Structure formats: C-alpha cells, structure tokens
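Here the working numbering is used: the first residue of the sequence shown is 14, the next is one more, and so on.
Notes follow the structure.
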Amino acid sequence: MSKARHVSETPATQFLKQNKVAYTEHTYDYVDHGGAGEAARQLGLDPHAVVKTLVMEDESAKPLIVVMHGDREVSTKNLARQAGLKKVEPCKPEVAQRHSGYQVGGTSPFGTRKKMPVWIEAEMLTYPVVYINGGRRGYLIGIDPNVLVTLLGAKSVTVALE
C-alpha cells in the first residue's frame, strides 16, 4: 500500500479524526510565497477550490480567521461591515503564528491554539470539496467545506475581491 507521502499528524488532522471527519491528503513541494496558486498548480487542482486560511484581527486586536478562495483577496472593508466590526486587518506573521499555533504558510482553521471566530467566503460552501491547509507547509486536505460551519461555527460572508 503506497501513499504519496505519509504526513505525521498535525493538530488539524487530530481534531478532524476526533470529530470523525473524512478527508483526503495531498502533499506538494512548498514554495515560499507560492500560496494556494502554487499548490493548485502542483496538484492539478482548480485554484478556486484551493482555499487559504488567513488570520486577521479586529480593531481591538482580537484575532479571527477568514477562509478565502486561493485565487482571491479579501476585502477587509466588506468583512468588517459584514462581521459587525469597525476594522479588520491582517495580523503580522508572528502574531498570526501565536494565535493559530501554526507556521505561516501552514495555517489550518482546525485545531488552532486559540479558538477564533471563523468567516468563510459564501460561494465555497457550494463546493463538494475544498482543499485547505492541513496544518503544515506543503500539506493540503480535501474536505467538505460545510465542516467549517458544523465544527467551527464558521459564518458565511461575501468579501472576495474580483
């Protein structure tokens, strides 16, 4: 039985196993600043279905997670408005790492060190499967996006910049 590459468990995969969630594993060669687009290219996946996990913060520096299509940017202005916040901006990488417990480029919304509110781009919930970081650079998991709603209480927003 050969697997592409065995990846040891991460807090994300442990969390999913505890909650009996099925997922597929996809490894690729991590490239600095390659992002979801590079992962999609290497794995032959639709860049719109490869999603990124972004740690941001509100006006009180409270962290939150935004799950967005890999090939789209987040309108922080629209996010703040839809989330009922005054302001939303990306966290500095070292702050994001402290909140999530993951290395930037390997952030998963599952199994984070600190429980944070999760916002997901609404269109993604119509996909049968999205590919999201499994908690390590170069490691994606294929999962039903509705799991983000049922397990993490993710709220849908429409904040993608075209």
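All residues carry an ideal CB built from backbone N, CA and C; glycine is no exception.
Nothing here was measured: the structure is a model prediction, and the numbers come from that model.
Here's a check: name, in chain order, each residue in its chain whose Cβ is nearer than 8 Å to the Cβ of residue i, leaving out the five neighbours to either side.
{"i": "Ser-88", "result": "Val-172, Ala-173, Leu-174"}
{"i": "Val-44", "result": "Glu-51"}
Is it buried or exposed, residue i, if we count other Cβ atoms within 10 angstroms and call 16 or more buried?
{"i": "Lys-65", "result": "buried"}
{"i": "Gly-155", "result": "buried"}
{"i": "Asn-146", "result": "buried"}
{"i": "Gly-151", "result": "buried"}
{"i": "Gly-124", "result": "buried"}
{"i": "Thr-26", "result": "buried"}
{"i": "Pro-76", "result": "buried"}
{"i": "Pro-158", "result": "buried"}
{"i": "Ser-21", "result": "exposed"}
{"i": "Pro-141", "result": "exposed"}
{"i": "Ala-52", "result": "buried"}
{"i": "Ala-35", "result": "exposed"}
{"i": "Pro-122", "result": "buried"}
Expressed to the nearest angstrom, what Euclidean distance is found between the alpha-carbon atoms of residue i and residue j?
{"i": "Lys-90", "j": "Ile-133", "result": "15 Å"}
{"i": "Lys-127", "j": "Asp-59", "result": "30 Å"}
{"i": "Leu-153", "j": "Ser-73", "result": "31 Å"}
{"i": "Gly-57", "j": "Thr-37", "result": "15 Å"}
{"i": "Val-160", "j": "Gln-110", "result": "23 Å"}
{"i": "Pro-55", "j": "Tyr-144", "result": "Note that residue 55 is Gln in the sequence shown here, rather than Pro. Going from the Cα of Gln-55 to the Cα of Tyr-144 covers about 13 Å."}
{"i": "Gln-95", "j": "Val-170", "result": "7 Å"}
Could you give the C-beta distance for residue i and residue j, rounded to a whole number, given that I count them as a contact under 8 Å?
{"i": "Val-63", "j": "Gly-83", "result": "4 Å"}
{"i": "Ile-78", "j": "Met-129", "result": "5 Å"}
Under 6 Å Cβ to Cβ from residue i, same chain only, skipping five residues before and after it: list those, please.
{"i": "Ser-15", "result": "With a pLDDT of 36 at Ser-15, under the threshold of 50, the modelled position of this residue cannot be trusted, and the question is left open."}
{"i": "Arg-149", "result": "Thr-23, Gly-119"}
Among the options, which has the Cα closest to the Cα of residue i?
{"i": "Arg-85", "options": "Ala-135, Lys-33, Lys-168, Leu-164", "result": "Ala-135"}
{"i": "Cys-104", "options": "Ala-96, Asp-71, Val-80, Leu-92", "result": "Asp-71"}
{"i": "His-12", "options": "Val-68, Gln-31, Asn-32, His-39", "result": "The question about residue 12 has no answer here: the residues shown for the chain are numbered 14 through 175."}
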